[in-house]
Amino acid sequence: AMMEILHREQLIERAAAMSDYFLDGVFSLRDIPGLADIRGVGMMAAIELVAGPTVGARGHEAQKALFDANLNLKATGDSIILGPPFIAERHHIDEIVEKLRSVLTKMASAV
1 AMMEILHREQ
11 LIERAAAMSD
21 YFLDGVFSLR
31 DIPGLADIRG
41 VGMMAAIELV
51 AGPTVGARGH
61 EAQKALFDAN
71 LNLKATGDSI
81 ILGPPFIAER
91 HHIDEIVEKL
101 RSVLTKMASA
111 V
């Protein structure tokens with residue numbers, strides 16, 4: 001059933017075609033102060049924030065601020081995890097990147 005859907009909807013091919021656009025968008029955030037690292041492959045990425053006095057506190061703060069901006073991402077420690085669905089289109093990726101830039105820039109200026 002799942003394999004049939006992946007094949008019928010060409011989701012693997014869609015994700016492969018969208019990967020460069022997604023990663024370019026995520027890596028475009030590297031100029032924001034307070035980021036320790038950005039890593040990604042395919043349609044998955046992580047944005048690691050510079051740790052605060054307590055490990056995971058900045059990740060938790062970012063997760064809450066992103067949720068308030070209508071972007072529900074998971075933070076693991078101080079890393080924000082991105083894995084948009086394979087049906088994502090360019091405008092969805094643009095929205096994710098714009099919200100990340102806005103929230104992370106506000107967090108950087110509040111330090």
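What the sequence shown shows, in our numbering, is residues 1 to 111, in sequence order. Heads up, the beta-carbon is just placed ideally off N, CA and C, and yes, glycines get one too.
Quiz item: From L66 to I81, what distance separates their C-alpha atoms?
Solution: 12 Å
Quiz item: DSSP puts G40 in a beta bridge; with which residues?
Solution: A45
Exercise. Report yes if the C-beta distance between M18 and E95 is below 9 Å; otherwise report no.
Key: no
Practice problem: Starting from S102, follow the alpha helix (DSSP H) in both directions and report where the run begins and ends. | Solution: 90-110
Exercise. Between the Cα of M107 and those of L35, K74, V97, spot the shortest distance and give me the residue it belongs to.
Key: L35
Exercise. Look at the Cβ atom of V97, then the Cβ atom of V41, and state whether they are nearer than 9 Å.
Key: Not closer than 9 Å, so no.
Self-check item: Beta-carbon spacing of A57, A51 below 9 Å
Solution: yes
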